[in-house]
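Peer 1: Sharing a structure with you now.
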Amino acid sequence: MLGWETPLSNRNICNNGWAVWGNDPCRATCRGSLQTRRSQLNREIHREMRLRAGAENLLKATSNRTVKETATLELSFVNSHLQLLREQLAEINGCLEAYQGQG
Numbered sequence: 111m112l113g114w115e116t117p118l119s120n121r122n123i124c125n126n127g128w129a130v131w132g133n134d135p136c137r138a139t140c141r142g143s144l145q146t147r148r149s150q151l152n153r154e155i156h157r158e159m160r161l162r163a164g165a166e167n168l169l170k171a172t173s174n175r176t177v178k179e180t181a182t183l184e185l186s187f188v189n190s191h192l193q194l195l196r197e198q199l200a201e202i203n204g205c206l207e208a209y210q211g212q213g
């Protein structure tokens with residue numbers, strides 16, 4: 111639970127289901143939570159890109175069959191996770207377009 115969320119009954123509920131304080135929570139706080147999530151996704155994508163680069167380097171550098179299989183498996187997993195993260199980011203970017211020009 112984040113600092114601005116509350117479990118109390120005198121809360122406002124935003125479109126995404128989060129309880130927030132403020133005068134206009136669905137406009138300002140929901141946009142802020144979307145931007146925060148977008149930032150988290152960008153950090154995760156950056157991390158996965160580094161993992162992918164490492165797996166690719168390991169794949170190129172090794173001649174051990176077992177290590178190559180492990181690196182290939184890791185590369186496959188990282189690529190799948192990257193695709194999922196990018197889809198989530200695209201969805202959030204689409205949601206943020208609704209808030210452009212507001213606020």
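In my numbering, the protein residues as written are 111 to 213.
Built from N, CA and C at the ideal position, the CB exists for glycine as well.
(1) If we count the other Cβ atoms within 10 Å of its Cβ and call it buried at 16 or more, is A181 buried or exposed?
(2) DSSP state of T172, grouped into three classes?
(3) Do L151 and L199 come within 8 Å of each other at the CB atom, strictly closer than that value?
(4) Taking the CB atoms as reference points, tell me whether E158 and L192 lie closer together than 8 Å.
(5) Exposed or buried, what is S143 when buried is set at 16 or more other beta-carbons lying within 10 Å of its beta-carbon?
Peer 2: In this structure, then:
(1) A181 is classed as buried because its beta carbon has at least 16 other beta carbons within 10 Å across all chains shown.
(2) Three-state DSSP puts T172 in coil, outside helix and strand.
(3) Yes. Within cutoff.
(4) Between E158 and L192, the gap from beta carbon to beta carbon is short of 8 Å.
(5) Here S143 is buried: its Cβ has 16 or more other Cβ atoms, across all protein chains shown, within 10 Å.
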